[in-house]
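**Student:** Positions -28 to -1, 1 to 572 (mature numbering (1 follows the signal peptide of the UniProt record, and there is no 0)) are the ones given, in order, by the sequence shown.
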Amino acid sequence: MQKINKLSAALLGIALLFGMVVPTTTHAATDPGLGAAEPFSIIAQTAITGTGTISGDVGINSTGAGITDLTDAMVGGTIYSTDGVAPSTAILSASVQANLSTANDNMTGQASTASIGPALDGETRTTGVYDIGAGRLNGGVLTLDGPGIYIFRASSDFISSGSVNLINGARACDVYWQVASLATINGSSFVGTIIAGTGVHFGSGVTLNGRALALGGDVTLLNTTISEPTCEDPPQLVVNKVVVNDNGGTKVIADFPLFLNGASVTSGVATTTTAGTHTVTETSDSGYATTFGGDCASDGTITLAAGDVKTCTVTNNDIAAVVAPVPSSGGSSGSYSSVVPPLIEVVKVPSPLTLPNGPGPVTYTYTLSNIGTVPVNDITMVGDTCSPITLISGDLNLNQRLEVDEVWEYTCTTTLSKTHTNIITATGWANGISATDIAQATVVVGLSSVPPLIKVTKVPSPIVLPVGGGNVVYANKVTNPGTVALSNVKLSDDKCSPVTYISGDTNGDGKLDPNETWVYVCHAYLTQTTVNTISASGEANGLTAKDYAIATVIVGASVPSLPNTGLPFNGRSIPWYVVIPGGFVALLTLIYIVRMRQTA
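1. In this structure, what does DSSP give as the bridge partners for ARG97?
2. If we count the other Cβ atoms within 10 Å of its Cβ and call it buried at 16 or more, is PRO486 buried or exposed?
3. Tell me which residues share the same chain as ASP103 and place their Cβ nearer than 6 Å to its Cβ, disregarding the 5 neighbours each side in the sequence.
4. What three-state label does DSSP hand CYS284 in the structure shown?
5. Beta-carbon separation of GLY355 and THR397 under 9 Å?
6. ALA75 and GLY7: beta carbons closer than 9 Å?
7. Which value, in whole angstroms, describes the spacing of the CA atoms of THR170 and LEU185?
8. Hey, would you say SER73 sits closer than 9 Å to LEU154, going by beta carbons?
9. Leaving out the 5 sequence neighbours to the left and right, which residues in its chain are closer than 6 Å to GLY279 when beta-carbon positions are compared?
10. Would you identify the three-state DSSP class for LEU230, choosing helix, strand or coil?
11. Evaluate contact between the segment 420 to 428 and the segment 322 to 331, counting only Cβ atoms and requiring at least three cross-stretch pairs below 8 Å.
12. Which class does PRO535 belong to by DSSP, given the choice of helix, strand or coil?
13. With distances taken Cα to Cα, identify the nearest neighbour of ILE410 among GLY266, ALA496, ILE32 and PRO360.
14. Where do the N-terminal and C-terminal ends of the alpha helix (DSSP H) with LEU370 fall, by residue?
15. Whole-angstrom Cβ separation of LEU458 and ALA523, contact assumed at under 8 Å?
16. On the premise that ILE506 lies in contact with VAL428, defined as a C-beta separation below 8 Å, what is that separation, rounded to the nearest angstrom?
17. List the endpoints of the continuous beta strand (DSSP E) containing THR524.
18. With distances taken between CB atoms, is the gap from residue 588 to LEU194 smaller than 9 Å?
19. Which of the three DSSP states is assigned to THR502 in this structure?
20. Exposed or buried, ASP519, counting other C-beta atoms within 10 Å across all chains shown (16 or more means buried)?
21. Report, in whole angstroms, the separation of the C-beta atoms of THR249 and THR275, which I expect to be a contact under 8 Å.
22. In whole angstroms, what is the alpha-carbon distance linking SER469 and ALA226?
23. Could you name the residues that DSSP lists as bridge partners for GLU511?
24. Do SER389 and GLY5 count as a contact pair if the criterion is CB distance below 9 Å?
25. Cβ atoms of ILE364 and THR352: under 9 Å apart, would you say?
26. Which residues in the same chain as ASN349 place their Cβ atom closer than 6 Å to its Cβ, once the five residues preceding and following it in sequence are excluded?
27. Classify ASN443: buried if its beta carbon has 16 or more other beta carbons within 10 angstroms, exposed otherwise.
28. From which residue to which residue does the alpha helix (DSSP H) around GLY89 run?
29. Given a threshold of 16 other Cβ atoms within 10 Å of its Cβ, counted over all protein chains shown, does VAL491 qualify as buried or as exposed?
30. Can you give me the Cβ contacts of THR96 inside the same chain, cut-off strictly under 6 Å, excluding the 5 residues immediately before and after it?
31. Determine, using beta carbons only, whether THR502 and VAL527 come nearer to each other than 9 Å.
32. Secondary structure at ILE225, three-state DSSP: helix, strand or coil?
33. Spatial neighbours of LEU180 within its chain, please: C-beta separation below 6 Å, excluding the five flanking residues on both sides.
34. At which residues does the beta strand (DSSP E) containing GLY182 begin and terminate?
35. Take the Cβ of PRO360 as the centre, count every other Cβ of all protein chains shown within 10 Å, and call the residue buried at 16 or more, exposed below.
36. Between the Cα of ALA(-1) and those of TYR122, HIS392, THR451 and VAL68, spot the shortest distance and give me the residue it belongs to.
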């Protein structure tokens, strides 16, 4: 037995040394999604009593008689009841209660990060789902550290007389308290959305940055201030890599790792970050020239505000190798590159565009077209929040190559619990050059407002220029794949200006209707291979739609030349580096023969 115990101890030590113990599993909390209940600062089932200052809507899943003391003047939103009787005539939708119950069930079903408490005073927590038992905050401070979702689940009552401190990007709109029975909030302030089983009661003068939502029972106010947390979505940045191999290079996108503020990011995948100035960098290659475009400055910096969705294009163009000079024909030294870059376009349309009754399924349809002149290989479709993205039709000859006359259709279905903007990036290759297009679409959850959609395409003519460059005309077409007309349509190009409107507003109302195509042009003189990005935006129902198009124009690389020797070689001039050594050898041979004859 002693030998077995020693052996067990030894094995355990080895396991600990090499990390062979069972790993600790961590679970990320996800937003439960309030849907139609999101605009509400208060929801009660039986009664709402007392006074206060309330920023959002107030709802009682009963008659208006259940509301006492609280008046319309105290409420920034609307007061709803089941009978529409004073203090307001608005009728509470059944979807509000249904969505509240769904959110509560969602929190119940999420995996636990840890069990803590019940006393939360002095705790500092990062994002996660925490089971707190009969939770208490006894006058102390609970600190929440970092961006993301926080869910605290009390198995019975929850009582607080302390406060919650948010640091390093933690936000009130991301904090949830699920209380099995009664939530009692005292002290001076509290943070988060409270969903309680039998009611929410406030002590005197409490300020809540959150919501008081009772699945059962009442909400009791006592000079209470409730400010509904209306946090804007954090900004998103899509960093796109474009590789141009028009001088014999063979590198691909994966050969140039990308970084945002030093952290690794993936080309074409949206990265959620913070408001402020950021820097995009890459692992460069001495054989490729790097340029930045899109919304990025020429040094790779970009400034983002809350709610922004922007793109940064990083182009790597292979540098022409040093080669032996070739003779000039006496005419122009300009020549065209035989390398033609690809052009692709992706359009994304969600169905439905709005989920007014709260969380539900959404199907995205993606239409991928080849708007260039060469077939496109190695197609990838990368979405930020929906997978798998499935090809359902379009590859007519089944060769996995997007032909010029083909249109490929993809779909993806997901469930949305809150208003969300989804981003898709399509990438393909032809002749050693990558092409990229981006599409984004917003689906509204919990409201009836229909979001706008917009699409812009860019086609340069010509797409290939001779050595030295020349004039290019960019034809930009803007369409509306949505259902509502767009106002305040704007276009901006990072390397061509001005972008001039030509035609398309058939009814002259200044709005981009779903059946219209607006045409814009921009002229540029290019002296080197150029990748540029145009952005288009439009507004409807208080929302802004945005889209991007990216195009590459190849400019032929020059090769140094020397004067023509005039000697033919298979219909071509013999290179100088053949003529000069050959002539020298012939001269020496002639001298040798003459001298031999003289001495004979």
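Idealized CB from N, CA, C, for every residue including glycine.
**Tutor:** In this structure, then:
1. Mapped onto the sequence shown, residue 97 falls at position 125. Paired residue(s): LEU116.
2. As a working note, residue 486 is residue 514 in the sequence shown. So PRO486 ends up on the exposed side.
3. Within the sequence shown, the letter at position 131 stands for residue 103. So the qualifying residues of the chain are SER84, SER87 and ARG125.
4. On the sequence shown, residue 284 is found 312 positions in, with the first residue counted as 1. CYS284 falls in the strand class under three-state DSSP.
5. Along the sequence shown, read from residue 1 onward, the residue named residue 355 stands at position 383. Along the sequence shown, read from residue 1 onward, the residue named residue 397 stands at position 425. A contact, by the Cβ cut-off of 9 Å.
6. Residue 75 sits at position 103 when you count from the first residue of the sequence shown. Residue 7 sits at position 35 when you count from the first residue of the sequence shown. Their beta carbons are under 9 Å apart, which means ALA75 touches GLY7 by this criterion.
7. The count along the sequence shown starts at 1 and reaches residue 170 at position 198. The count along the sequence shown starts at 1 and reaches residue 185 at position 213. Going by the C-alpha atoms only, they are around 10 Å apart.
8. If you number the sequence shown from 1, residue 73 lands on position 101. If you number the sequence shown from 1, residue 154 lands on position 182. No, these two residues do not count as a Cβ contact at 9 Å.
9. Here the question's residue 279 lines up with position 307 in the sequence shown. Same-chain partners within the cutoff: GLU204 and ASP205.
10. Here residue 230 refers to the residue found at position 258 when the sequence shown is read from its first residue. It is a strand residue.
11. yes
12. Counting from one through the sequence shown, the residue named residue 535 turns up at place 563. Confidence at PRO535 is low in this model, with a pLDDT of 47, below 50, so its placement is unreliable and no value can be given for it.
13. In the sequence shown, the residue the question calls residue 410 occupies position 438. When each option's Cα is compared against that of ILE410, the closest is GLY266.
14. As a working mapping, residue 370 is identified with position 398 in the sequence shown. No alpha helix (DSSP H) holds LEU370; DSSP gives it neither H nor E.
15. Counting from one through the sequence shown, the residue named residue 458 turns up at place 486. Counting from one through the sequence shown, the residue named residue 523 turns up at place 551. Actually they are not in contact, since the Cβ atoms of LEU458 and ALA523 sit about 23 Å apart, beyond 8 Å.
16. On the sequence shown, residue 428 is found 456 positions in, with the first residue counted as 1. On the sequence shown, residue 506 is found 534 positions in, with the first residue counted as 1. With 8 Å as the limit, VAL428 and ILE506 qualify as a contact, their Cβ atoms being about 6 Å apart.
17. Counting from one through the sequence shown, the residue named residue 524 turns up at place 552. Counting along the chain, the beta strand (DSSP E) containing THR524 begins and ends at 515 to 527.
18. Any answer about residue 588 is impossible in this case: the structure gives the chain only from -28 up to 572.
19. Counted from its first residue, the sequence shown places residue 502 at position 530. Strand.
20. Walking along the sequence shown from the start, residue 519 turns up at place 547. When all chains shown are included, ASP519 counts as buried.
21. Against the sequence shown, residue 249 aligns to sequence position 277. Against the sequence shown, residue 275 aligns to sequence position 303. Indeed they touch by this definition, with Cβ atoms about 5 Å apart.
22. In the sequence shown, residue 469 corresponds to position 497, counting from 1. In the sequence shown, residue 226 corresponds to position 254, counting from 1. Cα-Cα distance, rounded: 32 Å.
23. If you number the sequence shown from 1, residue 511 lands on position 539. Per DSSP, SER459 and THR516.
24. Locating residue 5 in the sequence shown gives position 33, counting from the first residue. Locating residue 389 in the sequence shown gives position 417, counting from the first residue. Against a cut-off of 9 Å, the Cβ pair of SER389 and GLY5 comes out as a contact.
25. The residue labelled residue 352 in the question sits at position 380 within the sequence shown. The residue labelled residue 364 in the question sits at position 392 within the sequence shown. No; because the gap between Cβ atoms is not below 9 Å, this pair is not in contact.
26. Counting from one through the sequence shown, the residue named residue 349 turns up at place 377. Hits under 6 Å: ARG373 and TRP401.
27. If you number the sequence shown from 1, residue 443 lands on position 471. Result: exposed.
28. Taking the first residue of the sequence shown as position 1, residue 89 is located at position 117. Careful: GLY89 lies outside any alpha helix (DSSP H) and carries neither H nor E.
29. The count along the sequence shown starts at 1 and reaches residue 491 at position 519. Exposed.
30. Residue mapping note: residue 96 aligns to position 124 of the sequence shown, counting from 1. Excluding residues within five positions, the ones whose Cβ falls inside 6 Å are THR115 and ASP117.
31. Position 530 of the sequence shown, counting from 1, holds the residue named residue 502. Position 555 of the sequence shown, counting from 1, holds the residue named residue 527. In contact: THR502 and VAL527 (Cβ atoms closer than 9 Å).
32. To locate residue 225, count along the sequence shown from 1; it is residue 253. It is helical.
33. One-based indexing of the sequence shown puts residue 180 at position 208. So the qualifying residues of the chain are PHE162 and ILE198.
34. The residue given as residue 182 occupies position 210 in the sequence shown. Residues 179 to 186.
35. For the purposes of this step, residue 360 is taken as residue 388 along the sequence shown, with counting starting at 1. With fewer than 16 other Cβ atoms within 10 Å, it is exposed.
36. Numbered from its first residue, the sequence shown carries residue -1 at position 28. The option with the nearest alpha carbon to ALA(-1) is TYR122.
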